[in-house]
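Novice:
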Amino acid sequence: MNHKLFILRREKRMNQEKTAKFLGIDKQTYYRKESGRGEFTISEAKRLCKLFGCTLNDLFWSEDDAS
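Right, here's the structure in full:
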């Protein structure tokens with residue numbers, strides 16, 4: 465699961481359905497991607513960053529990845 469994405473979405477008080485609609489994908493597809501069973505396209509990732517006011521690194525990179 466992309467924990468950062470989950471937290472950012474909750475901070476914006478958005479549910480998965482609203483976020484999926486913003487991206488132009490169905491709720492089930494969004495759920496699979498947020499839970500790690502699928503990958504966001506570059507276009508979707510950029511739109512999420514715009515929505516949440518963050519960078520791609522902020523959204524998808526963690527300190528654990530550096531090790």
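Per my numbering, the very first residue in the sequence shown carries number 465; after that it's consecutive. Where a beta carbon is used, it is the ideal one built from N, C-alpha and C, also for glycine. This one's a predicted model, so the numbers in the text were calculated from it and none came from an experiment.
Just mark Glu481 as buried or exposed, buried being the case when its beta carbon has 16 or more other beta carbons within 10 Å.
Specialist: Counting from one through the sequence shown, the residue named residue 481 turns up at place 17. That one is exposed.
Novice: Comparing C-alpha positions only, which one of Asn466, Arg511, Arg501 sits nearest to Gly488?
Specialist: Sequence index remark: in the sequence shown, residue 488 carries index 24 (1-based). When each option's Cα is compared against that of Gly488, the closest is Arg511.
Novice: How many Å lie between Thr493 and Arg474 at the Cα?
Specialist: Numbered from 1 along the sequence shown, position 29 holds the residue referred to as residue 493. Numbered from 1 along the sequence shown, position 10 holds the residue referred to as residue 474. If you take the alpha carbons of Thr493 and Arg474, they lie about 18 Å apart.
Novice: Could you name the residues of the same chain whose beta carbon sits closer than 7 Å to that of Lys497, not counting the 5 residues immediately before and after it, in chain order?
Specialist: As a working note, residue 497 is residue 33 in the sequence shown. Counting only Cβ-Cβ distances below 7 Å, and skipping sequence neighbours, we find Glu503, Phe504.
Novice: Enumerated in chain order, which unbroken segments of the alpha helix (DSSP H) with a length of 4 residues or greater are wholly contained in the stretch 466-509?
Specialist: 467-475, 480-487, 491-498
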